[in-house]
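When the sequence shown is numbered by the numbering used here, its final residue is 314 and no position is left out of the sequence of numbers.
Just so it is clear, CB atoms sit at the ideal spot from N, CA and C, and this is done for glycine as well.
A short worksheet on the structure shown next.
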Amino acid sequence: MFVYRAINRYNETSSVCDRKRSGRPRSVRTKKVVKAVRERIRRNPVRKQKILSREMKIAPRTMSRILKDDLGLAAYKRRTGHFLTDNLKKNRVVKSKQLLKRYAKGGHRKILFTDEKIFTIEQHFNKQNDRIYAQSSKEASQLVDRVQRGHYPTSVMVWWGVSYEGVTEPYFCEKGIKTSAQVYQDTILEKVVKPLNITMFNNQVWSFQQDSAPGHKARSTQSWLESNVSDFIRAEDWPSSSPDLNPLDYDLWSVLESTACSKRHDNLESLKQSIRLAVKNFPMERVRASIDNWPHRLKDCIAANGDHFE
């Protein structure tokens, strides 16, 4: 069919080029206008469509078509990220390469990843994903109660550890007690981590991971780890300012919070019980998948030259 039309067009016009289009020619979405819009977006990609439309005296609907159809653009939400300087980026690349080499051939499955997070008694809420289908905003508010937020809600700091072999019990840090190096050693390390040599890892070689908090990287803490666990990632070996390289931060905390805080709690004890239950029933397939993603994220960090890669 295409060949027939081409031959027929040549016989009629002595050319295989498309015939001139019928109908009214474009008066606004011209190549010149599209190019001008492209240049404005290039100079300022956060420019709002409404303002752009007003500045260029182009109807909002037409501007939308230029952006979407002619330029192939879509509006994305601006994202937040942890603070990274040039030195931190270089540090992340160096440390990521070292960790990849150190835990090659499945070695990452022998790591206990740990972290701390503050939980509040308030209901977990995801602005992006929590949607209500209704005919109006008013109807939506009537169908489902608003997620209420108070000033300074009751909260608790939770420590948690996860590995390919299992997860630890959550440890609730007492409010008002500063988590110094000694407190960290006497409570979390001595009472929770040390027994894991037998209960979780069956006296096999495994690695303990923690972030670079002052109490964690203290010399006394590093000495305690040397004496009580088979292996650990030293403070100077873990990439600074890298929550995107810890399975708890980049995946598991959000899952735990959405389960434990699916509704508002009346008091702190209710919150703690809910966290304990959520940890007890946490799906190990999710934990293992998240841990298996860790080497890939190290590679992504290297490929991004230590910058944000999500």
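| Check | Outcome |
| --- | --- |
| Quickly, what does DSSP pair Gly170 with across the bridge? List them, please. | Ser167 |
| Using a 10 Å radius around the Cβ and a threshold of 16 neighbouring Cβ atoms, would you call Gly165 buried or exposed? | buried |
| Quick one: what's Leu116 bridged to in DSSP? | Phe212 |
| Is it true that the CB of Val50 sits closer than 7 Å to the CB of Asp74? | no |
| What are the boundary residues of the alpha helix (DSSP H) that Cys305 is part of? | 298 to 307 |
| Please determine if the region 64 to 74 and the region 97 to 112 are in contact, where contact requires at least 3 C-beta pairs separated by less than 8 Å. | no |
| Helix or strand or just coil, what does DSSP make of Asp73? | helix |
| State the DSSP-derived secondary structure class of Ser343, mapped to helix, strand or coil. | Limits of the chain in this structure are 5 at one end and 314 at the other, which puts residue 343 out of reach. |
| Unbroken alpha helix (DSSP H) runs of length 4 or more, entirely within the region 44 to 110: which are they? | 53 to 59, 64 to 69, 90 to 106 |
| How far does the beta strand (DSSP E) with Tyr254 in it reach, from first residue to last? | Counting along the chain, Tyr254 falls outside any beta strand (DSSP E), and DSSP gives it neither H nor E. |
| Report all residues from its chain with a CB closer than 7 Å to the CB of Asp241; omit the five preceding and five following residues, and keep chain order. | Lys99, Gln102 |
| Given a threshold of 16 other Cβ atoms within 10 Å of its Cβ, counted over all protein chains shown, does Pro251 qualify as buried or as exposed? | buried |
| Should Ile136 go down as buried or exposed, given a rule of 16 or more other Cβ atoms within 10 Å for buried? | Bear in mind that a pLDDT of 49 at Ile136, under 50, signals an unreliable position, so the model cannot answer this. |
| Starting from Lys121, follow its DSSP beta bridges and name the residues at the other end. | Val162 |
| Going by DSSP, what residue range makes up the beta strand (DSSP E) through Cys265? | No beta strand (DSSP E) contains Cys265, which DSSP labels as neither H nor E. |
| Alpha carbons only, please: which of Leu260, Cys305, Leu56, Met161 is nearest the one belonging to Val4? | Outside the shown range of the chain, which is 5 to 314, sits residue 4, and nothing can be said about it. |
| Apart from the five residues just before and just after Leu229, which ones in its own chain have a Cβ nearer than 8 Å to its Cβ? | Leu193, Phe212, Phe236 |
| Just confirm the distance between the C-beta atoms of His86 and Pro247, as a whole number of angstroms; I'd bet it's less than 8 Å. | 6 Å |
| State the Cα-Cα distance for the pair Arg65 and Lys54, rounded to the nearest angstrom. | 10 Å |
| Would you call the region 114 to 122 and the region 203 to 212 in contact, with 3 or more CB pairs under 8 Å? | yes |
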